[in-house]
Amino acid sequence: MDKKYDSILKLAAQDPDFVGATEFKRLAADVGISAFPDDVEAVPVSDLIEVVGANLDAIQSLPSDPKVRAGALASALNSKLKIEEIYTRYKEITRDKDLKRTPREFQKAHKPIELAMTELVETIGDLDVRKLTKRDAYRFRDKLISDVSIKKITASTANKKIMHLRKIVSAVFEVDYPELPNPFQIKGIEDSVRGHRKAFSESEIEEITLRLKSSTMNDELKAIIFVAMYTGAGCKELALLTSSDIVLDAEIPYIKIDANEFRVKVKSGGDRHREIPLYGEALAWMKRFPNGFARYRRDNGGETVSATARKFLKQYTGKTFYCFRHRLADLLRNSGCEDRLANAILGHKQGVIGNHYGNGYTLKSKYNALAQAHEKGRADLEKDQNIDKL
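Numbering that gives the first Met the number 0 numbers the first residue of the sequence shown as 0 and each following residue consecutively.
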């Protein structure tokens, strides 16, 4: 639609009789056109001249019928590319990503973008996206800074709003308007409190273990927490396991974090797809649930696990489920595990091309690394406890 309007403008621009709003209305009145789009009525002469004069290379091929010319100009002058329209175009361009998402994943991916767009319009108005400037973007940034200053949102959340807008405009401009700069290529908001999640300490792990064993929490959730504690796997990764992902009869029992009938891929895919040996209590708990966790194996199951576990973990440690991954990352690092092997266990991206050659690390290598890491954790706990006794 926008390309059609652009073509009309190019055609209209060469009309030697076009002199501005007065002439436009006279021309329209002569052929019986009395109703105009809302914005055309309010368009200043200078804007009319600017929008038409920018395309002085095409109007002569427009039919000479004045009614056609007046109608074309009216349509062209009312052709703002609104935020909502650019978002629709963005979804068309990036629809391949949505093919891999469940309905819940689709909602989680797009809801923050929609909220950011709504907030932008409330702040600067529903302007033509093609005419937005960095000044407009910085007006929005200033509003977000005000929200951060009164603790309405965090700096991290504010920066994500800017990122969402930058992303949709970038995708659409790259395809449809490659000559236009992205107005949202602006400086982020300084975050005085970094959002880095702390790892569980070994004393906190001991506390969690004791509390879990006496808790009235359902056994499936207990199992998920214990498996996460020993493997570093995430809520959703564990919640959506099926019987084919749980291999207990191998020489080294393990779980597969991979695509199955409940997920097209795991989060970002790639290195996140992996096999993790079942070490320590993780094995004992998976033996109790060899078919996975039916209670949580649904589209929003991972979110339910996260929310329920959060209440329990916050009560005793002030931390969240994801801190299990940070704790295991620290244990692996401090026990001398090389980064590539740790990445293979945790599903972190391998940054070097050569790291993807071959079949990767064996289950035996991963198991030994996990064993050494957890033994280091126990040794550290005993050391701390002995110091406390002194």
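Using N, Cα and C, we set each Cβ at its ideal position, and we do this for glycine too.
In this structure, does DSSP put residue i in helix, strand or coil?
i	result
P276	strand
I386	helix
R262	strand
I92	helix
I185	coil
I161	helix
Y295	coil
I149	coil
I245	strand
Y366	helix
K255	strand
R339	helix
E424	In the structure as shown, the chain starts at 0 and stops at 389, and residue 424 therefore has no counterpart that could be examined.
Would you call residue i buried or exposed, if buried means 16 or more other Cβ atoms sit within 10 Å of its Cβ?
i	result
N385	exposed
Y315	exposed
I161	buried
D383	exposed
R273	buried
L345	buried
P180	exposed
A328	buried
E337	exposed
A368	buried
G231	buried
E201	buried
A283	exposed
L330	buried
N158	buried
A233	Here residue 233 is Gly; the residue named in the question, Ala, does not match the sequence. Buried.
In whole angstroms, give me the CA-to-CA distance for residue i and residue j.
i	j	result
I92	R165	15 Å
T87	Q184	21 Å
H325	K197	7 Å
T122	Y137	11 Å
D244	I254	6 Å
E178	H347	37 Å
E374	N333	11 Å
I223	K130	51 Å
Q349	G359	11 Å
L277	Y366	8 Å
K133	K186	10 Å
E381	V174	60 Å
T303	K212	21 Å
V120	R294	41 Å
D298	A343	26 Å
K110	E104	10 Å
Since I believe residue j is in contact with residue i (beta carbons under 8 Å), could you give me their beta-carbon distance rounded to a whole number of angstroms?
i	j	result
L143	I188	6 Å
K286	L240	Wrong, their Cβ atoms sit about 13 Å apart, outside the cutoff.
K363	I251	6 Å
A170	F320	Contact doesn't hold; Cβ gap of about 32 Å is too wide.
A154	Y229	At roughly 34 Å, the Cβ-Cβ gap does not stay under 8 Å, so A154 and Y229 are not in contact.
N290	S242	4 Å
F288	E219	7 Å
Identify every run of the alpha helix (DSSP H) within the stretch 192 to 239, keeping only runs that are complete inside it and at least 4 residues long; order them along the chain. Whole alpha helix (DSSP H) segments, 4+ residues: 201 to 213, 218 to 230 and 234 to 238.
Quick check for students: name the residue ranges of the beta strand (DSSP E) that lie wholly in the stretch 86 to 130, counting only runs of 3 or more. The stretch 86 to 130 contains no complete beta strand (DSSP E) run of 3 or more residues.
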